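Visitor:
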Ligand code: ADP
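Residue numbers (my numbering): 82 to 550.
This is the structure we're talking about:
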């Protein structure tokens, strides 16, 4: 965890540093460039104003250079010593400097240089191409000459340098401040962002130690929130599966023990002579043994299905034939209970490709339940109809129906509703019938579901996909 916090803070810090350095570098360059431009413009304004005034007064450029030299000995006479301090003395807060450096050459209306400077010499004919970059000098609406920038602005003087230096210092202080802020934000935010991770770690550790029911708080709607939510679902599922497993072990033990106790009770009594061996007593013992056998067979089927090793022997069979086979097996029982057991098959249904015995077992389990929960005079119908995905087989009854709160659970192993558990004939119910039906249907890539209404009846539907799917 600490290392993730560390990485997170370093990332924030680096990002802010890179940002600050980039902005600083651009700001520095922009300041320096703007500063130069300002100086050139200022210098140019002074030069243009002076030479325009000169021309207005004299009507020509003759004598201009001497006049300029007299006006600005710093620039033209080279006599810096005599002017130290003078350029600034008259400023009085106006410009940053009253005598900006001379950077310009002047060309007359014919393109001949009259005030030479830099690459331009007096008397030289200046190419038209260079003239187009210059500033026209206009007197009485007529262009009388052109001022040309002849050299880049000179080195900064100490005052200007100081100004740029203080700008740089401000940028540096800004950079340090931004980094410190990034560090602070990083530390504060890392707590918030990484808290869900530490909570998850704690919950997973608790699960490792056997406490499976762990729920962490879902704080955000982002990826970490989704992770927390998925973890919660996973933990709930594992917890539930674990409880089911415990419950199932207890149920298996209980269901195996009951018939065994009955059998051993009879055997002891017969051995001690307290009971006489009669046909009925052997039948009773045999019934318990058959029940044990069935229970063990059911468990074996389920464990094979769980392991994906339920071997299905596929064969093609018309739906009517399958349903008739089931009806015939259960007809005597239905007659005994005075229930009507009928078959209804839609015309032109395709043949089913299924393991005939296994599917008959599924339908048998459904019909057994229907017989068990349907009162005298009721009807049980086996139906086959077409379905968008293939063929639908259904077993409907007019029995007790299943309460809504049980519907979600009845396909679970050993799940029995309280009402069924305590019915007189309870010891023949294992609570495995529907779980086995579901396993076999799913091994056929099909689905099984139920619709039921208390007091009205239930319909179990199996959808078997087309064989070519
Ligand atoms: P059991 O061996 O107890 O019948 P099942 O898995 O076959 O176990 O069924 C689970 C529970 O579903 C039953 O205990 C019963 O309450 C309910 N059930 C199943 N089929 C029906 C039905 N046709 N009508 C009413 N309840 C049913």
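A virtual CB, placed ideally from N, CA and C, is assigned to each residue, including glycine. As the structure is a prediction and not an experimental result, all values here were calculated from the model.
(1) Please report how far the alpha carbon of residue 442 lies from the alpha carbon of residue 409, in whole angstroms.
(2) If you drop the 5 nearest sequence neighbours on each side, which residues of the same chain put their C-beta closer than 7 angstroms to that of residue 93?
(3) Roughly how many angstroms lie between the CA atoms of residue 175 and residue 274, to the nearest whole one?
(4) Run the CB neighbour count on residue 400, radius 10 Å, all protein chains shown included, and call it buried at 16 or more, exposed below.
(5) Which stretch, first to last residue, makes up the alpha helix (DSSP H) that contains residue 534?
(6) Which one of 374, 538, 453 has the shortest CA to CA distance from residue 336?
(7) For residue 478, is the beta carbon positioned less than 7 angstroms from some heavy atom of ligand 1?
(8) Can you find a heavy atom of ligand 1 that lies under 7 angstroms from the Cβ of residue 451?
(9) Go ahead and pull the three-state DSSP assignment for residue 221.
(10) In this structure, does DSSP put residue 303 in helix, strand or coil?
(11) Excluding the five sequence neighbours on either side, which residues of its own chain have a C-beta within less than 8 angstroms of the C-beta of residue 432, listed in chain order?
(12) From the DSSP secondary-structure annotation, give me the bridge partner or partners of residue 464.
(13) Can you give me the C-alpha to C-alpha distance between residue 300 and residue 293, rounded to a whole angstrom?
(14) Kindly list the residues whose CB is nearer than 8 angstroms to the CB of residue 470, restricted to its own chain and excluding five residues on each side of it in sequence; keep chain order.
(15) Since residue 482 contacts residue 536 with CB under 8 angstroms, what's their CB separation in whole angstroms?
(16) Give a yes or no on whether the C-beta atoms belonging to residue 479 and residue 487 are separated by under 8 angstroms.
(17) Are the Cβ atoms of residue 448 and residue 492 separated by less than 8 angstroms?
(18) For residue 472 versus residue 445, is the C-beta distance shorter than 8 angstroms?
(19) Count the other CB atoms, across all protein chains shown, that sit within 10 Å of the CB of residue 91; report buried if there are 16 or more and exposed otherwise.
(20) Of the choices 355, 341, 253, 186, whose alpha-carbon is the least far from that of residue 104?
(21) When burial is assigned at 16 or more other CB atoms within 10 Å of the CB, is residue 503 buried or exposed?
(22) Spatial neighbours of residue 133 within its chain, please: C-beta separation below 8 angstroms, excluding the five flanking residues on both sides.
(23) Whole angstroms are fine: how far does the CA of residue 270 sit from the CA of residue 199?
(24) From residue 541 to residue 358, what distance separates their C-alpha atoms?
(25) Do you know whose CA, among 183, 184, 216, lies nearest residue 190's CA?
(26) Return the first residue and the last residue of the alpha helix (DSSP H) that residue 371 is part of.
(27) For my contact list, residue 383 and residue 517 are in at a C-beta cut-off of 8 angstroms; report their separation, rounded to the angstrom.
(28) Can you tell me the Cα-Cα spacing of residue 144 and residue 187, whole angstroms?
(29) Within a Cβ cutoff of 8 angstroms, which residues of the same chain sit near residue 121, ignoring the five residues on either side of it in sequence?
(30) Tell me the DSSP secondary structure of residue 255 in three-state form.
(31) Between the C-alpha atoms of residue 114 and residue 282, what's the straight-line distance to the nearest angstrom?
(32) Quick one: which unbroken alpha helix (DSSP H) runs of 4-plus residues sit fully inside the region 388-418? Chain order, please.
(33) Taking Cβ positions, are residue 512 and residue 494 nearer each other than 8 angstroms?
Guide: Working from what's here:
(1) By 1-based counting over the chain shown, the position of residue 442 is 361. By 1-based counting over the chain shown, the position of residue 409 is 328. Rounded to whole angstroms, residue 442 to residue 409 spans 13 angstroms at the Cα level.
(2) Within the chain shown, the letter at position 12 stands for residue 93. Taken in chain order, the residues that qualify are 263, 266, 267.
(3) Within the chain shown, the letter at position 94 stands for residue 175. Within the chain shown, the letter at position 193 stands for residue 274. A caution first: residue 175 carries a pLDDT of 38, below 50, which makes its placement in the model unreliable, though a value can still be read off. So the alpha carbons of these two residues sit roughly 56 angstroms apart.
(4) The residue given as residue 400 occupies position 319 in the chain shown. Per the 10 Å Cβ criterion, buried.
(5) Locating residue 534 in the chain shown gives position 453, counting from the first residue. Careful: residue 534 lies outside any alpha helix (DSSP H), inside the beta strand (DSSP E) at 528-534.
(6) Your numbering for residue 336 matches position 255 in the chain shown. Among 374, 538, 453, the Cα nearest to that of residue 336 is on 374.
(7) Within the chain shown, numbered from 1, the residue matching residue 478 stands at position 397. Indeed, a heavy atom of ligand 1 lies less than 7 angstroms from the Cβ.
(8) Numbered from its first residue, the chain shown carries residue 451 at position 370. Flag set: Cβ of residue 451 near ligand 1.
(9) Residue 221 sits at position 140 when you count from the first residue of the chain shown. Residue 221 falls in the coil class under three-state DSSP.
(10) Counted from its first residue, the chain shown places residue 303 at position 222. Residue 303: coil per DSSP, three-state reduction.
(11) Counting from 1 along the chain shown, the entry for residue 432 is found at position 351. So the list reads 397, 398, 399, 400, once near-sequence residues are dropped.
(12) As a working note, residue 464 is residue 383 in the chain shown. Bridge partners of residue 464: 425, 475.
(13) Looking up residue 300 in the chain shown gives position 219. Looking up residue 293 in the chain shown gives position 212. Between residue 300 and residue 293, the C-alpha separation is close to 21 angstroms.
(14) Indexing the chain shown from 1 puts residue 470 at position 389. Excluding residues within five positions, the ones whose Cβ falls inside 8 angstroms are 544, 546, 547, 550.
(15) For the purposes of this step, residue 482 is identified with residue 401 of the chain shown, where counting begins at 1. For the purposes of this step, residue 536 is identified with residue 455 of the chain shown, where counting begins at 1. Yes, residue 482 and residue 536 are in contact; Cβ-Cβ is about 6 angstroms, under 8 angstroms.
(16) Reading the chain shown from its first residue, position 398 is the one you call residue 479. Reading the chain shown from its first residue, position 406 is the one you call residue 487. In this structure, residue 487 does not lie closer than 8 angstroms to residue 479 by Cβ.
(17) Position 367 of the chain shown, counted from the first residue, corresponds to residue 448. Position 411 of the chain shown, counted from the first residue, corresponds to residue 492. The answer is no: Cβ separation not under 8 angstroms.
(18) Locating residue 472 in the chain shown gives position 391, counting from the first residue. Locating residue 445 in the chain shown gives position 364, counting from the first residue. Cβ atoms of residue 472 and residue 445: not closer than 8 angstroms.
(19) Translated into positions along the chain shown, residue 91 becomes position 10. Its Cβ having fewer than 16 others within 10 Å, residue 91 is exposed.
(20) Taking the chain shown and counting its residues from 1, one reaches residue 104 at position 23. Residue 104 has its Cα closest to that of 253, out of 355, 341, 253, 186.
(21) For this step, residue 503 is matched to residue 422 along the chain shown. Residue placement at residue 503 is poorly supported in this model, since its pLDDT is 38, which falls under 50; the coordinates still yield a value, given next. Looking at its Cβ environment, which holds fewer than 16 other Cβ atoms inside 10 Å, residue 503 is exposed.
(22) As a working note, residue 133 is residue 52 in the chain shown. If we look at residue 133 and ignore the five residues flanking it on each side, its Cβ neighbours are 218, 219, 220.
(23) Counted from its first residue, the chain shown places residue 199 at position 118. Counted from its first residue, the chain shown places residue 270 at position 189. The alpha-carbon atoms of residue 199 and residue 270 are separated by roughly 60 angstroms.
(24) On the chain shown, residue 541 is found 460 positions in, with the first residue counted as 1. On the chain shown, residue 358 is found 277 positions in, with the first residue counted as 1. Straight-line Cα distance between these residues: approximately 44 angstroms.
(25) Within the chain shown, the letter at position 109 stands for residue 190. With distances taken between Cα atoms, residue 190 lies closest to 216.
(26) In the chain shown, counting from the first residue as 1, residue 371 sits at position 290. Unbroken alpha helix (DSSP H) run through residue 371: 360-387.
(27) The residue you call residue 383 lines up with position 302 of the chain shown. The residue you call residue 517 lines up with position 436 of the chain shown. Confirmed, about 6 angstroms.
(28) The sequence position of residue 144 within the chain shown is 63, counting from 1. The sequence position of residue 187 within the chain shown is 106, counting from 1. Their Cα atoms are separated by approximately 13 angstroms.
(29) As a first step, residue 121 must be located in the chain shown, where it is residue number 40. Around residue 121: 184, 230, 234.
(30) Counting from 1 along the chain shown, the entry for residue 255 is found at position 174. Helix.
(31) Numbered from its first residue, the chain shown carries residue 114 at position 33. Numbered from its first residue, the chain shown carries residue 282 at position 201. Answer to the nearest angstrom: the Cα atoms are 56 angstroms apart.
(32) 400-417
(33) Along the chain shown, one-based indexing puts residue 512 at 431. Along the chain shown, one-based indexing puts residue 494 at 413. In this structure, residue 494 lies closer than 8 angstroms to residue 512 by Cβ.
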